[in-house]
Amino acid sequence: MPLAPRAKGLRMFVGAHVSAAKGVFNSIHNSENIGGNAFALFLKSQRKWENPALQDDHRDQFRKLCAEKGYDAAKHVLPHGSYLVNLAQDDKAKSKQAYTSFLDDLRRCEALGITLYNFHPGSTNQTPLPEALARLAEMLVQAITETTTVVPVLETMCGHGNSIGGALSEFRDLLALIPKEHHPRIGICVDTCHSFAAGYDLTSPAGFKAFLAEFDELIGIQFLRALHLNDSKAPRGSKRDLHANIGTGFLGLRAFHNVMNEPRFEGLPMVLETPIDRVPGHNVATGDDAAEGSDSDSGKKKQPKKGPKRPAGASAAAIPNPGVWAGEIKLLESLIGMDPEGEEFRALEARLSEEGRAEREKHQDQYERKLEADEKKKAKGPGKAKGQKSLMDMMKGGSAKE
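All the letters of the sequence shown, read from the start, carry residue numbers 1 to 402 under the UniProt record's numbering.
Right under this line is the structure:
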């Protein structure tokens, strides 16, 4: 008996990043269990380079179940790429290793009848951004020429450190390096948490409209092929990738009302990667962590990551609960056509906002303290480098202390 029935006849296809442990075909059962009409999965372990090949019977079962259960693999299945892969790096050996893994995933997609493949754009590794984009473009063109139908879909990022994809202009610059004949086989996935953390206002109707207008102007709305639906524990512009449950974070329920009532999103896969273990005092399993199982997993139980000790008298830590996703899928679907000024929406908004209030306050405080520390550092100015001589030292013939 599924946790929630799948809604029929909707134009918005919502689901979650589910486990594919013991075979990619199990992702279909796991998606159906939570009432998802779209889903993401890992095609193999995303935390190691070497993986067994896709088994023929797993491939055949996946295709058969998609047909039986009514999932259009070409439109509403969105595999997630390995976190190890960085196609933009300048190290030739590592670049070759990354490309081999990337191409293997694309070929698995084609074997399974999957068209869309989501991945992170990567990092510049402290090299100039234009050079990193050129390397990424070269790898994408090569991958497209070595495959037939699959569409690599680049995910928007939060803009932390040297990561690529925080600013929409970076996708514009990347596309300019790719011959136009390949553009139909390039896509973008907007991650709501990432883009919000990068500084874009997705919460207010005006801000959301402006974001889409900028996306269309810089990139082209035709490149939008998927969405990751995540609220954010961190404030806008924080450049922190911290997923929160829908309506409990800084994005709030209004942002997702904007999403679920945007006609241009109809037919796109919308995938939750929200936490599914919200027990206070315990580690939170994000969508990616909870769904770590892949076709190459042996089925052995993974050891949980160590986290904060439970408070005295607290019960044992809860296991990841996919029922959270089932509830969030129904919540998102209920927003379609709902009056954002009506009593029903306001009550939902207030309840969910209160649920996340303590987390938001904690992360707001952390963010403000970081801003203060950064300002103090900036005001202090650049210090002496290790071993650097001051003018007085040089005049005296001495050396700076290390």
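Yeah, the Cβ is synthetic: ideal placement off N, Cα and C, and Gly gets one too.
* To do: Tell whether a beta-carbon distance below 9 Å holds between Ile188 and Leu272.
  => no
* Would you list, in sequence order, the uninterrupted beta strand (DSSP E) runs of no fewer than 3 residues that lie entirely inside the segment 212-249? => 224-229
* Buried or exposed (CB count within 10 angstroms, at least 16 for buried), Val18 -> buried
* Please classify Glu131: is it buried, with 16 or more other beta-carbons within 10 angstroms of its beta-carbon, or exposed? => exposed
* When the distance is taken between beta carbons, is Phe208 closer than 9 Å to Asn245? -> no
* Taking the runs of the alpha helix (DSSP H) that are 4 residues or longer, which of them lie wholly in the segment 328-361? -> 343-355
* Does DSSP put His363 in a helix, a strand or coil? -> helix
* First and last residue of the beta strand (DSSP E) that includes residue 410? -> This structure does not reach residue 410, given that the chain is present from 1 up to 402, and the question cannot be answered.
* **Alpha-carbon spacing of Ser353 relative to Arg135, whole angstroms** => Computed Cα separation, rounded: 43 Å.
* Run the CB neighbour count on Asn51, radius 10 Å, all protein chains shown included, and call it buried at 16 or more, exposed below. => buried
* Asked: What span of residues does the beta strand (DSSP E) with Gln259 cover, start to end?
  -> Rather than Gln, the amino acid found at residue 259 in this sequence is Val. Here Val259 belongs to no beta strand (DSSP E); instead the alpha helix (DSSP H) covers 252-260.
* Residue span of the alpha helix (DSSP H) that contains Asp57, given as start and end -> 56-69
* To do: Answer yes or no: do Glu146 and Leu175 have a C-beta to C-beta separation smaller than 9 Å?
  => no
* Ala4 vs Gly35 beta-carbon contact at 9 Å -> yes
* To do: Compute the beta-carbon to beta-carbon distance between Ile221 and Arg172, rounded to the nearest angstrom, for a pair I have assumed lies under 8 Å.
  => About 13 Å; that fails the 8 Å criterion.
* Asked: Taking all protein chains shown into account, do 16 or more other C-beta atoms lie within 10 angstroms of the C-beta of Tyr83, making it buried, or fewer, making it exposed?
  -> So Tyr83 ends up on the exposed side.
* Rounded separation between Ala21 and Leu41 - CA only -> 10 Å
* When burial is assigned at 16 or more other CB atoms within 10 Å of the CB, is Lys233 buried or exposed? -> buried
* Considering Ala21, what are the terminal residues of the beta strand (DSSP E) in which it resides? -> Looking at the DSSP string, Ala21 is not in any beta strand (DSSP E), and its letter there is neither H nor E.
* Tell whether a beta-carbon distance below 9 Å holds between Pro184 and Val141. => No; because the gap between Cβ atoms is not below 9 Å, this pair is not in contact.
* To do: Give me whichever residues DSSP pairs with Asp90 in a beta bridge.
  => Partner(s): none; Asp90 has no beta bridge.
* If Ala16 sits next to His76, beta carbons under 8 Å apart, how far is it from one beta carbon to the other, in whole angstroms? -> The Cβ separation is near 12 Å, so there is no contact.
* Using the C-alpha atoms, what's the distance from His182 back to Ile144? -> 7 Å
* Who does Phe119 pair with in a DSSP beta bridge? -> Leu154
* To do: On a CA-only basis, which of Ile319, Leu112, Gln364 is nearest Leu65? Give me that one, please.
  => Leu112
* To which residues does DSSP link Pro269 through a beta bridge? -> Phe13
* Asked: Who are the near neighbours of Asn30 in its chain, counting only those whose CB is closer than 6 Å to its CB and skipping five residues on each side?
  -> Val18, Ser19
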